[in-house]
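To keep things clear, I will list the structure first and then write my remarks on it.
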Amino acid sequence: MSEVRTRIAPSPTGDPHVGTAYIALFNLCFARQHNGKFILRIEDTDQVRSSKKSEDDILKALSWLGLIWDEGPDKGGDFGPYRQSERSDIYAEHVRRLVKEGHAFHCFCSEERLTELRKQQMIDKKPLGYDGHCLLLSEGEIAENLNKNIPHVIRMKIPSEGCCIVKDMLRDDVSIEWQQVDMQVLMKSDGLPTYHLANVVDDHLMQITHVIRGEEWINSAPKHLLLYQYFGWEAPVLCHMPLLRNADKSKLSKRKNPTSIGYYQRMGYLPEALCNYLGMMGWSMPDEQEMFSLEDMIKHFDINRVSLGGPVFDTEKLDWLNGRYLREILSDDEFTQRFSQWAFQPEMLQAIVPLIKQRVERFTDIAPLASFFFSGMPTIDLQSFEHKTLSQDDSKRVLQFIAWRIEELEAWHRDRIEQTLMQLADSLGFKIRDFLFPVFIAIAGSSVSTSVIDSIAVLGLDMTRARLRHAIEILGGVSKKQLKNLEKEYSALVHQSEQS
RNA sequence: GUCCCCUUCGUCUAGAGGCCUAGGACACCUGGUUUUCAUCCAGGCAACAGGGGUUCGAAACCCCUAGGGGACGCCA
Numbered sequence: 339m340s341e342v343r344t345r346i347a348p349s350p351t352g353d354p355h356v357g358t359a360y361i362a363l364f365n366l367c368f369a370r371q372h373n374g375k376f377i378l379r380i381e382d383t384d385q386v387r388s389s390k391k392s393e394d395d396i397l398k399a400l401s402w403l404g405l406i407w408d409e410g411p412d413k414g415g416d417f418g419p420y421r422q423s424e425r426s427d428i429y430a431e432h433v434r435r436l437v438k439e440g441h442a443f444h445c446f447c448s449e450e451r452l453t454e455l456r457k458q459q460m461i462d463k464k465p466l467g468y469d470g471h472c473l474l475l476s477e478g479e480i481a482e483n484l485n486k487n488i489p490h491v492i493r494m495k496i497p498s499e500g501c502c503i504v505k506d507m508l509r510d511d512v513s514i515e516w517q518q519v520d521m522q523v524l525m526k527s528d529g530l531p532t533y534h535l536a537n538v539v540d541d542h543l544m545q546i547t548h549v550i551r552g553e554e555w556i557n558s559a560p561k562h563l564l565l566y567q568y569f570g571w572e573a574p575v576l577c578h579m580p581l582l583r584n585a586d587k588s589k590l591s592k593r594k595n596p597t598s599i600g601y602y603q604r605m606g607y608l609p610e611a612l613c614n615y616l617g618m619m620g621w622s623m624p625d626e627q628e629m630f631s632l633e634d635m636i637k638h639f640d641i642n643r644v645s646l647g648g649p650v651f652d653t654e655k656l657d658w659l660n661g662r663y664l665r666e667i668l669s670d671d672e673f674t675q676r677f678s679q680w681a682f683q684p685e686m687l688q689a690i691v692p693l694i695k696q697r698v699e700r701f702t703d704i705a706p707l708a709s710f711f712f713s714g715m716p717t718i719d720l721q722s723f724e725h726k727t728l729s730q731d732d733s734k735r736v737l738q739f740i741a742w743r744i745e746e747l748e749a750w751h752r753d754r755i756e757q758t759l760m761q762l763a764d765s766l767g768f769k770i771r772d773f774l775f776p777v778f779i780a781i782a783g784s785s786v787s788t789s790v791i792d793s794i795a796v797l798g799l800d801m802t803r804a805r806l807r808h809a810i811e812i813l814g815g816v817s818k819k820q821l822k823n824l825e826k827e828y829s830a831l832v833h834q835s836e837q838s
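Numbered by the working numbering, the letters in the first sequence go through residues 339 to 838 in order.
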């Protein structure tokens, strides 16, 4: 049998996600266990949302966790380039081939038509998907449309009947009717491929033998399998892992949980502890040992020990594990070293110094003033939020709106944050000073502190959101009913500001 | 709405028809150690979603029901 090759294929559209690390870990273990290779490929075909910054962050985060790849955009390999944006020609060529061989077709349908179509399908209680409108176009009409430069996409053809059997390493064969499968867009109107096409082409060209990915992909597996068939390629073995969950069992999301790897780094978790913890999500060592290194995991890895129930990503056990690493594994010297590495990161200090410099008279003033940058959640209670004009409900509302507002920011820059907060204060009709009061408490634990906007910029999205959420909980939390009302008010607010 | 997947203590899990009166761990509670606290140690609480089969025997295999989740984008 040929060499085992697995891959992780993150899309650089935000902060590095623990889910990415989770899937990377299992791909890495599987590959290593079979003396195979583990590949990192960047799926940046979404031109609008992808960024180089995010790509760099992902590479850094995975390295920090010790999840090292053998081939990737930064270290090359025999099957490059490993960044999909650099492989456009390859996809274009493959799409041409599919069209020529009659497996794919041009589609000139407008967005409006598609939206309308979906609406109608919903009413008719039919599966949602493309209706094959452009399939009826004659060659002449297609040529004419192309000549006129009408924007178009390429869609794949799907058998009209029968069903597709998806084999999976972890479960029984999954059978999905072709009628349920959409005529997926393979190439967007910007000429770039969609995930489905790029993924299949790359996995084949990069000789990936085992695709270990999240369960969310099961339903699109038929499309992928069909593409392999169209191309006449052998499909890799598929394996769909359970999804990491929020406490309410929904798919792990940043709205309900901190999901960025950077957050856990900043919260003072050791990479080996986080890695260990991810390893016990849906998997266990044969002897049920709970503390194990990446090497241990690779050595004893058995993909069949993956259990299918979606594990709740609950940090209580991570806390306990991390504590054990800290006090049982690290020697005093190592502890010292690791702690100073964590605490004295030049980047972080350089960001903080300008904020505190003008407020100190001695170095001893620094710790009390800046400790909140290095802490987890601030110690605050209901009394902390007492204010002469702002009620606790006001505070709660302000914090909730800010939490929602900042997650919509496309870039995390001080000025953007400031602008956003000012706008929000304005549209809520609060004085800036009053408006920022609960924010100070939530972020710094005190209203006597460095600029809260700069502090937010330094702390980052996930840490900020975690503190806002923490503060909201202290203020009594938000009931379902309240949440509904707040959401209503919020969307009205956003609507209003969009119009002005 | 349509389809797909999943279901063991609150949480992570063990369990491959008899070792199951269901084991371990976190959390929680109690006690001990400790000048305090933490650590550490000892103990306790706590689950096979429900119903029907198959079988001498079911947590495990099959069916139904319920619950949860996911997918249904020119996002990945």
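By construction, the Cβ of each residue, glycine as well, lies at the ideal position given by its N, Cα and C atoms.
As assigned by DSSP and simplified to three states, the class of residue i
| i | result |
| --- | --- |
| residue 749 | coil |
| residue 552 | strand |
| residue 543 | helix |
| residue 597 | coil |
| residue 711 | helix |
| residue 776 | helix |
| residue 445 | strand |
| residue 484 | helix |
| residue 729 | coil |
| residue 349 | coil |
| residue 513 | strand |
| residue 523 | strand |
| residue 493 | strand |
| residue 560 | helix |
| residue 414 | strand |
| residue 589 | strand |
| residue 838 | For residue 838, the predicted structure reports a pLDDT of 47, less than 50, and the residue's modelled location is therefore unreliable. A value from the coordinates is still provided. Note: residue 838 maps to coil in three-state DSSP. |
| residue 372 | coil |
| residue 356 | helix |
| residue 450 | helix |
| residue 644 | coil |
| residue 572 | coil |
| residue 691 | helix |
| residue 684 | helix |
Contacting residues, own chain, Cβ-Cβ under 6 Å from residue i (five flanking each side not counted)
| i | result |
| --- | --- |
| residue 821 | none |
| residue 824 | 738 |
Distance cut-off 6 Å: residue i Cβ against heavy atoms of the ligand NAD
| i | result |
| --- | --- |
| residue 642 | Of the ligands one can find in the structure shown there are none, so the ligand NAD has no counterpart to examine. |
Residue from the options with nearest C-alpha to residue i
| i | options | result |
| --- | --- | --- |
| residue 804 | 714, 764, 775 and 616 | 714 |
| residue 565 | 533, 580, 585 and 578 | 533 |
| residue 514 | 830, 523, 499 and 507 | 499 |
| residue 814 | 744, 723, 458 and 743 | 723 |
| residue 497 | 479, 470 and 543 | 470 |
| residue 509 | 576, 475, 484 and 443 | 576 |
| residue 519 | 596, 590, 487 and 563 | 563 |
Terminal residues of the beta strand (DSSP E) in which residue i lies
| i | result |
| --- | --- |
| residue 578 | 575 to 579 |
| residue 375 | 375 to 378 |
| residue 345 | 343 to 346 |
| residue 504 | 501 to 504 |
Chain-order list of residues whose beta-carbon lies under 8 Å from that of residue i (same chain, five-residue window excluded)
| i | result |
| --- | --- |
| residue 404 | 609, 610, 613 and 632 |
| residue 527 | 489, 490 and 491 |
| residue 439 | 568 |
| residue 747 | 754, 755, 758 and 799 |
| residue 361 | 346, 550, 551, 552 and 579 |
| residue 525 | 429, 430, 433, 491, 492, 531, 532 and 535 |
| residue 556 | 504, 506, 512 and 578 |
Limits of the unbroken alpha helix (DSSP H) element including residue i
| i | result |
| --- | --- |
| residue 387 | That residue, residue 387, is in no alpha helix (DSSP H); it is neither H nor E in DSSP. |
| residue 675 | 670 to 681 |
| residue 699 | Counting along the chain, residue 699 falls outside any alpha helix (DSSP H), and DSSP gives it neither H nor E. |
| residue 802 | 799 to 812 |
| residue 717 | Taken as a continuous stretch (DSSP letters only), residue 717 belongs to no alpha helix (DSSP H), as it is neither H nor E. |
| residue 658 | 653 to 662 |
| residue 437 | 426 to 438 |
| residue 617 | 609 to 617 |
| residue 633 | 632 to 638 |
Residues near residue i in its chain [Cβ-Cβ closer than 7 Å; skip 5 each side]
| i | result |
| --- | --- |
| residue 838 | Caution is warranted here: a pLDDT of 47 is assigned to residue 838, below 50, making its placement in the model unreliable, and the coordinate value is therefore given only provisionally. There are no such residues. |
| residue 353 | 395, 598, 600, 799 and 800 |
| residue 752 | 791, 792 and 795 |
| residue 769 | none |
| residue 412 | 397 |
| residue 574 | 541, 546, 547, 548 and 549 |
| residue 350 | 380, 382, 388, 389, 392, 393 and 396 |
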